[in-house]
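Residue numbers (UniProt numbering): 1 to 296.
Note that CB positions come from ideal geometry on N, CA and C, so glycine has one too.
Here the structure is a predicted model, which is why all the values come from computation and not from measurement.
Heads up, the thing below is written out as structure tokens.
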């Protein structure tokens with residue numbers, strides 16, 4: 001395991017992963033005062049999903065530290081030793097993981113993405129994902145204006161993570177645009193399904209519901225067309241019908257993959273590239289750049 005996907009969380013958590021105490025003596029039973037506990041708890045929450053930290057995290061989460069939300073707290077020597085021991089163990093592991101990530105040949109690759117897929121239990125499922133990734137990524141990036149080529153560099157455990165070189169930064173930007181558009185499509189589909197279910201509760205006639213459903217399908221088609229055209233205008237130096245159809249296939253495929261729990265992310269730490277990919281944990285906050293079409 002190379003820990004690249006956890007590097008950002010580790011870097012964010014380490015500065016505040018500090019257990020600070022001082023002797024106050026004002027209370028004989030609890031002579032020490034622990035300080036800045038809010039930041040410490042926040043840092044622990046940031047790293048709780050990183051592998052190989054389960055023992056320390058569980059000990060901390062079930063200790064006095066998480067029984068209160070206070071920033072300062074009076075404690076005794078036993079309580080102080082318990083927390084300081086676990087924090088020291090965490091810091092040693094995290095610094096090691098950080099070094100492993102930074103020494104990897106894959107670290108901060110400007111033309112590299114990682115694809116995280118849920119656990120699979122058969123080669124048939126793996127083949128289905130492979131076919132979808134071909135449609136989503138491998139087909140659109142070789143265009144002469146992008147110059148990309150998909151090459152699998154490595155795989156990792158956890159869920160299943162593939163590290164894929166796309167050949168050029170332009171290809172990474174194209175895939176980012178496809179992923180963003182796909183997240184928009186997924187969001188609009190979810191909204192349409194909610195509206196459809198609501199319409200059924202109103203006891204409307206079947207004809208009225210059918211008209212509503214068709215209108216939603218038309219809107220989704222228009223959004224997909226507009227998203228593909230926008231990407232072609234931005235990333236390609238042409239927009240032939242075949243190009244637009246390939247982009248629409250890629251966007252639709254990625255939307256389905258996202259719905260299955262797949263995440264496509266950049267390895268690069270460049271802030272602009274990071275922001276060009278959707279935040280899969282906050283799908284409701286994703287908005288299309290073509291707002292006049294999406295909101296109509």
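Next item on the list: Using the DSSP secondary-structure output, state which residues sit across from residue 156 in a beta bridge.
Entry: As a position in the chain shown, residue 156 is number 156, starting the count at 1. Beta-bridge partners assigned by DSSP to residue 156: 161.
Margin query: Could you tell me which whole beta strand (DSSP E) segments of length 3 or greater appear in the segment 52-118?
Written below: Segments of the beta strand (DSSP E) lying fully in the segment 52-118: 73-75 and 112-117.
Notebook entry, point to check: Among 261, 60 and 266, which one has its Cα closest to the Cα of residue 297?
Noted result: The structure shown does not extend to residue 297, since the chain is modelled only from 1 to 296, so the question has no answer here.
Next item on the list: Determine the burial state of residue 296: buried for a count of at least 16 other Cβ atoms within 10 Å of its Cβ, exposed for fewer.
Entry: Taking the chain shown and counting its residues from 1, the one referred to as residue 296 is at position 296. Residue placement at residue 296 is flagged as unreliable, the pLDDT there being 41, under the threshold of 50; the coordinate-derived value follows with that caveat. Its Cβ having fewer than 16 others within 10 Å, residue 296 is exposed.
Notebook entry, point to check: Using DSSP with H/G/I as helix, E/B as strand and the rest coil, what is residue 239?
Noted result: The residue given as residue 239 occupies position 239 in the chain shown. Of the three classes helix, strand and coil, the one that applies to residue 239 here is coil, per DSSP.
Notebook entry, point to check: When you compare only the Cα positions, how much space is there between residue 156 and residue 265?
Noted result: By one-based count along the chain shown, residue 156 stands at place 156. By one-based count along the chain shown, residue 265 stands at place 265. C-alpha of residue 156 to C-alpha of residue 265: approximately 14 angstroms in a straight line.
Item checked: Rounded separation between residue 201 and residue 42 - CA only -> By one-based count along the chain shown, residue 201 stands at place 201. By one-based count along the chain shown, residue 42 stands at place 42. Straight-line measurement puts the Cα of residue 42 at about 43 angstroms from the Cα of residue 201.
Notebook entry, point to check: Can you name, in chain order, every residue of its own chain whose Cβ lies under 6 angstroms from the Cβ of residue 248, other than the five neighbours on each side?
Noted result: As a working mapping, residue 248 is identified with position 248 in the chain shown. So the list reads 224 and 228, once near-sequence residues are dropped.
Notebook entry, point to check: For residue 240, which residues of its own chain have a beta-carbon under 6 angstroms away from its beta-carbon, when the five flanking residues on both sides are left out?
Noted result: Within the chain shown, the letter at position 240 stands for residue 240. Correct list: empty, nothing qualifies.
Item checked: Assigned secondary structure, residue 216 (DSSP; H/G/I helix, E/B strand, else coil) -> Counted from its first residue, the chain shown places residue 216 at position 216. Residue 216: helix per DSSP, three-state reduction.
Notebook entry, point to check: Which one of 221, 174, 185 and 47 has the shortest CA to CA distance from residue 17?
Noted result: Along the chain shown, read from residue 1 onward, the residue named residue 17 stands at position 17. The candidate whose alpha carbon is nearest that of residue 17 is 47.
Note to self: With distance defined between alpha-carbon atoms, name the residue in 9, 63 and 77 nearest to residue 25.
What the structure shows: Mapped onto the chain shown, residue 25 falls at position 25. Per the Cα distances, 77.
Next item on the list: Using three-state DSSP, classify residue 22 as helix, strand or coil.
Entry: Taking the chain shown and counting its residues from 1, the one referred to as residue 22 is at position 22. Strand, per DSSP.
Notebook entry, point to check: For residue 266, does the three-state DSSP call read helix, strand or coil?
Noted result: Stepping through the chain shown from its first residue, residue 266 is reached at position 266. Collapsing the DSSP output to three states places residue 266 in a strand.
Margin query: Along the chain, where does the beta strand (DSSP E) containing residue 32 start, and where does it finish?
Written below: Within the chain shown, numbered from 1, the residue matching residue 32 stands at position 32. Counting along the chain, the beta strand (DSSP E) containing residue 32 begins and ends at 32-35.
Notebook entry, point to check: Going along the chain, which residues of its own chain have a beta-carbon closer than 7 angstroms to the beta-carbon of residue 89, five neighbours each way excluded?
Noted result: By one-based count along the chain shown, residue 89 stands at place 89. Hits under 7 angstroms: 56.
Checklist line | Cβ-based burial, residue 131 [other Cβ within 10 Å; buried from 16] | finding: Looking up residue 131 in the chain shown gives position 131. That one is exposed.
Check: Looking only at its own chain, which residues have a Cβ that is under 6 angstroms from the Cβ of residue 6, when we skip the five neighbours before and after it?
Finding: Residue 6 sits at position 6 when you count from the first residue of the chain shown. Answer for residue 6: 50, listed in chain order.
Next item on the list: Could you check what DSSP says for residue 151 in three-state terms: helix, strand or coil?
Entry: On the chain shown, residue 151 is found 151 positions in, with the first residue counted as 1. Annotated three-state conformation of residue 151 is strand, per DSSP.
Next item on the list: Can you tell me the Cβ-Cβ gap for residue 196 and residue 184, rounded? I've got them flagged as a contact below 8 angstroms.
Entry: As a working note, residue 196 is residue 196 in the chain shown. As a working note, residue 184 is residue 184 in the chain shown. Contact flag wrong, Cβ pair sits at about 19 angstroms.
Next item on the list: Put residue 3 into one of helix, strand or coil per three-state DSSP.
Entry: For the purposes of this step, residue 3 is identified with residue 3 of the chain shown, where counting begins at 1. Residue state for residue 3 is assigned as coil, using DSSP reduced to three classes.
Next item on the list: Please state whether DSSP places residue 145 in a helix, a strand or coil.
Entry: Looking up residue 145 in the chain shown gives position 145. Correct three-state label for residue 145: coil.
Check: How big is the Cα-Cα spacing for residue 154 and residue 235?
Finding: Position 154 of the chain shown, counting from 1, holds the residue named residue 154. Position 235 of the chain shown, counting from 1, holds the residue named residue 235. Distance from the CA of residue 154 to the CA of residue 235, rounded to the nearest whole angstrom, comes to 27 angstroms.
Check: Cβ of residue 104 within 8 angstroms of Cβ of residue 169?
Finding: The count along the chain shown starts at 1 and reaches residue 104 at position 104. The count along the chain shown starts at 1 and reaches residue 169 at position 169. Contact check for residue 104 against residue 169 fails: the beta carbons are separated by 8 angstroms or more.
Notebook entry, point to check: Whose CA, out of 147, 178, 181 and 180, lies closest to the CA of residue 165?
Noted result: In the chain shown, residue 165 corresponds to position 165, counting from 1. Just measuring C-alpha positions, the residue of 147, 178, 181 and 180 sitting nearest residue 165 is 147.
Check: In three-state DSSP terms, what is residue 187?
Finding: Sequence index remark: in the chain shown, residue 187 carries index 187 (1-based). Reduced to three states, the DSSP call for residue 187 is helix.
Notebook entry, point to check: Alpha carbon to alpha carbon, how far is residue 258 from residue 28?
Noted result: Position 258 of the chain shown, counting from 1, holds the residue named residue 258. Position 28 of the chain shown, counting from 1, holds the residue named residue 28. Here the alpha carbons of residue 28 and residue 258 stand approximately 56 angstroms from one another.
Margin query: Between the alpha carbons of residue 116 and residue 172, how many angstroms are there, rounded?
Written below: Taking the first residue of the chain shown as 1, we reach residue 116 at position 116. Taking the first residue of the chain shown as 1, we reach residue 172 at position 172. The alpha-carbon atoms of residue 116 and residue 172 are separated by roughly 16 angstroms.
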